[in-house]
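Here the structure comes first, spelled out in structure tokens, and everything after it is commentary.
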Amino acid sequence: MAEKLDKVDVVTVGAGWTGGIIAAECAKEGLKVVGLERGKARGTEDYYMIHDELRYAIRYDLMQDVSKETITFRNESKQRALPMRQLGSFLLGEGLGGAGVHWNGMTHRFLPYDFEIRTKTIDKYGKNKIKKDMLIEDWGVTYDELEPYYDQFEKTCGISGEENPHGGPRSNPYPTPPMKSTPITERARKTAENMGLKPFAIPSANLSEKYENPDGKTINACQYCAFCERFGCEYGAKSDPTITVIPTAKETGNYELRTHSNVVEILHEGGKATGVRYVDVLSGKEYIQPAEVVVLSSYVMNNSKLLLVSNLGTPYNPEKGTGHVGRGYCYQINAGSTGFFEDEQFNTFMGAGSLGIAVDDFNGDNFDHAGLDFIHGGVGSVTQTGKRPIATNPVPPGTPAWGKEFKQKSIHYFTRNLGIGFQGASMPYQYNYLDLDPTYKDAYGVPLLRMTYNFTDQDRQLHSYLSKQATKFIKEMGADIATEAEELGDYNIVPYQTTHNVGGTPMGADPENSTVNNYSQMWEADNVFVLGASTFRHNSGYNPTGTVGALAYRASEGIIRYSKEGGLLV
Amino acid sequence: MAENSSDNKMTRRQFLRNSGYVAGGVVGGGLVGGIVGNQMQSGGAPTQEKPGGKSEKTPQFDHALMYFSQKEDFDVLSQATELIFPADELGPGAIELGVPYYIDKQLAGAWGHNAKEYMQGPFFEGEPTQGYQSRLQRHEIFSQGIRKMKEYSQKKFNAPFLDLEEDQQIDILTAFEKGDIELAGVPNEQFFALLRAATLEGAYADPLYGGNQNMEGWKMKEYPGNKMAYHDVIDSDKFYDEPPSSLHSHMDK
Ligand SMILES: Cc1cc2nc3c(=O)[nH]c(=O)nc-3n(C[C@H](O)[C@H](O)[C@H](O)COP(=O)(O)OP(=O)(O)OC[C@H]3O[C@@H](n4cnc5c(N)ncnc54)[C@H](O)[C@@H]3O)c2cc1C
Ligand code: SF4
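Order-wise, the sequence lines are chains H and S. Sequential numbering from 101 applies to the first sequence in the numbering used here. Sequential numbering from 21 applies to the second sequence in the numbering used here.
Dropping the structure here:
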């Protein structure tokens, strides 16, 4: 029997960026918040041995232990879904701070176009531009409405950057100046300018200078240590929840964090949540934590999974196109080119997670799509994140994968290659969705989430277009050899692509096809708030967390209002 | 041996100024006292390993087997890694780098036993896009693969693998790479893919794992290893050719 605990105002499932932002804002307002996090506590003091590529980047020390919980996957409904037995395509977070601890920190805003994508596409190109089965919708919120919350998140993090020439209007400049220029970033900037593009420094949560945020939390200056993506920052120089929002919440005295606490069910009655049931994974004991408000901040996979296993919210039915929980799972496509330089050597092994130059000329509707067989686009980036020797063995096309020639070339080109990568936007499709697996279970006996996903023609067209831009860019940069795109095949869950998973609990104006309104509040249970990229209606051509953070700040305002007034906020 | 050129040296004061620690201990924990203290004591960027690394006279006590039970299997593995990453004019190959010992240790540990992976049944073959679906743990795949290499070399060349000419050995390994040799319980290509990945890991992981002996893998690749910071040099046009340092430098007292 589960032990029932005292009721609190707010319980969050997970303590990453989203759980942390809600905790900080609600606790500051005097609400009693409990954070349940399945993983362990951790902080800068745990990063003494962090510069270890094998342990952290290859063996995923800071990430989800999939022996306990994973998802199952298939490309299409006809196939048998099988467990993702090892991490690969994306790297799920676990432990205090979630994936926010080991992110790169590239903190873009989405474009105004993104939030009104359906309307704007039809206005400009007509209804036929939206292909059959493509479920794009407006988000029920505009860029202008979200702008203050973007600003708030950027100030919490102290983002270092310069204005994106193609971006939406900003109320304030970035809190700190852009990161350093290096020979690599300079080269990229000049190349872009020569090509008539509009380069800008990637907005970065690795800070260019020491900064104190509005909550009084200090973030240090980045040391360009090159162990950033997949690593925690031993300097406290990468904004992450454990040095910002979590301590802010704790200081109020209104926040209690319980690690090693795995939530297995949302309890509800008559269209309202009453609390959550969780397992203390150390003792094995079960608890019920009653709460006035339940916040699902457990990332894309578990937000959908917990709603589905708890029978809360209408599940999406891909055949009929009805319902919404599990609807519109999207990802991204990577299109890029690697350039090999015979006579130049670069300090490729130096860097920081967000150091680099971006171009937005091929993103969103920043270019004309009239003659093109796809919508949207992607940001292109030349980054200097710090190459590491196990993962980076670049060889020109046609080189054998092992032996003498491989050794010589991979060593030679380790410091003689530069690349550009585009993050291509991803549109929701009728048959790309999330539901529960009928066979496989997690360590607590709960069904695994099942992902049915494949790339579409939209993805293939976009991929081919962006790849050509990439190759052109790399040639212009002066590479002796520039790789050309291979055709985009089926989505494969093995090689790492990106941890920019979105959808499953979409946000919208219509309760029929969306799970939450623009305060991230569930239409079907007004005291449940679902946070994170699971509420994205589609994935834009950027990293998601700027938008995740903005939506979380807006949601926190909603929760505070809800705790006073009750009812649906929209 | 703090032999870094002076323009790349970071003094304790510079470090504190850059990172903002001066303004008072905002970051908790052992980090500042630990890493910073240690590295600054030794006069700048992280200290280097002792000159020459292993000395001729000190036996390498960790060069013994914790996974393999037959020396011949280990020798076959060793030769296979050497074919993947051979000694050449650039520097040592897999054997001299300690890669086989690295793999032996890995197979005995969590990775070899798929400790952090979902290993519950039922098991089905699946599509390649669905990834690893074997019921076997990695150490079982290695053991099976090496046994099959020995068998196949008897069958094809009528001689033990270790007695073959190099191009014959390459022949054998290529057959495994292409998946021509039947393996039980796992796609045929999987053994070679694991072997190749583990060889590169052993060549380039921090020497604390038993490979990349004396950081020779890093030296060949002109990779500086574990440095505290590139804050003061990242904007320079000059190629950074400092000797590498490993995590061992954080343990110096
Ligand atoms: C390698 C890497 C690099 C990235 N780089 C960038 C980048 O440069 N820019 C960018 O914008 N984004 C980046 N991201 C994505 C970014 O990290 C995420 O968008 C962000 O951290 C998501 O925050 P979240 O709070 O929604 O989820 P998470 O950070 O995943 O937090 C969810 C938390 O919930 C916990 N949890 C889950 N289920 C349960 C349960 N049942 N019970 C209790 N707790 C549970 C998890 O353990 C986890 O701690 C990157 C991600 C990775 C992996
Ligand atoms: S690159 Fe900068 S922000 Fe990233 S881990 Fe290193 S010091 Fe921290």
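A virtual CB, placed ideally from N, CA and C, is assigned to each residue, including glycine. Bear in mind the structure is a predicted one, so any value in this text is a computation, not a measurement.
Strand pairing of residue i, partner residues [DSSP]
i: H/K104; result: H/I388
i: H/S304; result: H/M206, H/S260
i: H/F173; result: H/L182, H/M551
i: H/I581; result: H/F440
i: H/M234; result: H/Y529
i: H/H368; result: H/A373
i: H/Y596; result: None, per the DSSP bridge assignment.
i: H/P415; result: H/V425
i: H/Y355; result: H/V133
i: H/H299; result: One detail in the question is off: residue 299 of chain H reads as Pro in this sequence, not His. Answer by DSSP bridge pairing, in chain order: H/V459.
i: H/K338; result: H/N306
i: H/G451; result: H/C325, H/T485
Which listed residue (the options) has its alpha carbon closest to that of residue i
i: H/K88; options: H/Q558, H/N639, H/E419; result: Since the displayed chain H opens at 101 and closes at 670, residue 88 of chain H lies outside it and no answer follows.
i: H/V395; options: H/D473, H/D152, H/Y662; result: H/Y662
i: H/A102; options: H/V110, H/D251, H/E386; result: H/E386
i: H/E247; options: H/S271, H/R637, H/G589; result: H/S271
i: H/D465; options: H/W203, H/G641, H/Q164, H/T242; result: H/G641
i: H/N463; options: H/E657, H/D315, H/K298; result: H/K298
i: H/T438; options: H/T583, H/T605, H/Y565; result: H/T583
i: H/I475; options: H/G316, H/G524, H/G608; result: H/G524
i: H/T172; options: H/I158, H/Y160, H/D233, H/L187; result: H/L187
i: S/K176; options: S/D200, S/F162, S/S163; result: S/D200
i: H/W502; options: S/E236, S/W131, S/T219, S/E92; result: S/T219
i: H/S724; options: H/H638, H/G632, H/N643; result: Nothing in the structure corresponds to residue 724 of chain H, since chain H is present only between 101 and 670.
i: H/G545; options: H/K132, H/A115, H/S167, H/E137; result: H/S167
i: H/H266; options: H/D461, H/L518, H/G589, H/T615; result: H/D461
i: S/D257; options: H/H151, H/T448, H/V110, H/L154; result: H/T448
i: S/Y243; options: S/L203, S/S266, S/L184; result: S/S266
i: H/Y243; options: H/G268, H/K231, H/E263; result: H/G268
i: H/G193; options: H/N617, H/W623, H/N627, H/H600; result: H/H600
i: H/P489; options: S/P227, S/E109, S/A84, S/E197; result: S/P227
i: H/L211; options: H/V241, H/L382, H/S189; result: H/V241
i: H/G421; options: H/K227, H/K232, H/G135; result: H/K232
i: H/M149; options: H/L162, H/E137, H/E587; result: H/L162
Own chain partners of residue i with C-beta closer than 6 Å, once the 5 adjacent residues on each side are dropped
i: H/P273; result: none
i: S/G72; result: Residue placement at S/G72 is poorly supported in this model, since its pLDDT is 48, which falls under 50; the coordinates are not used for a value here.
i: H/Y249; result: A650, Y653, R654
i: S/G165; result: F211
i: H/A349; result: A123, A124, A127, Y355
i: H/R142; result: G195, L196
i: H/I343; result: G336
i: S/K70; result: Reliability of the predicted coordinates at S/K70 is poor, the pLDDT of 46 falling under 50, and the value obtained from them is presented with this limitation in mind. Hits under 6 Å: none found.
i: H/Y81; result: Chain H is shown from 101 up to 670; residue 81 of chain H falls before or after that span and cannot be answered.
i: S/G49; result: Confidence in S/G49 is poor, its pLDDT being 38 and thus under 50, which makes the residue's placement unreliable; the coordinate value appears in the next sentence. Excluding sequence neighbours, S/G49 sits near nothing in its chain.
i: H/Q569; result: F462
Proximity test, residue i beta-carbon vs ligand 3 heavy atom, cut-off 7 Å
i: S/R216; result: Ligands present in the displayed structure are limited to ligand 1 and ligand 2, and ligand 3 is not among them.
Neighbourhood of residue i by C-beta distance below 7 Å, restricted to the same chain and skipping five residues each side
i: H/R287; result: M577
i: H/E408; result: The displayed chain sequence assigns Leu, not Glu, to residue 408 of chain H. The residues are P415, V425, G426, D535, L536.
i: H/V495; result: F506, K509, S510, Y513
i: S/G205; result: S154, R155, L156
i: S/Q188; result: F177
8 Å CB neighbourhood of residue i in its chain, flanking five on each side removed
i: H/L105; result: Y387, I388, Q389, P390
i: H/K140; result: G195, L196, T359, H360
i: S/M139; result: R155, Q157
i: S/Y250; result: Y260
i: S/L182; result: E92, D95, V96, Q99
Ranges of the beta strand (DSSP E) found wholly within the stretch 508–563 of chain H, counting only runs of at least 3: 517–524, 533–541, 547–552
Secondary structure, alpha helix (DSSP H): runs of 4+ residues fully inside the stretch 114–179 of chain S: 114–117, 119–128, 158–177
Start-end ranges of the beta strand (DSSP E) lying completely within the stretch 616–658 of chain H, minimum 3 residues: Contiguous beta strand (DSSP E) elements confined to the stretch 616–658 of chain H occur at 625–630, taking only those with 3 or more residues.
Beta strand (DSSP E) runs contained entirely in the stretch 470–507 of chain H, provided each spans 3 or more residues: 478–485
Completely contained alpha helix (DSSP H) runs for the stretch 171–257 of chain S, where each covers 4 or more residues: 186–198, 209–224, 236–241
Alpha helix (DSSP H) segments (min. 4 residues) lying fully within the stretch 73–101 of chain S: none
Unbroken stretches of the beta strand (DSSP E), 3 residues or longer, contained in the stretch 109–163 of chain H: The stretch 109–163 of chain H contains these whole beta strand (DSSP E) runs: 133–136.
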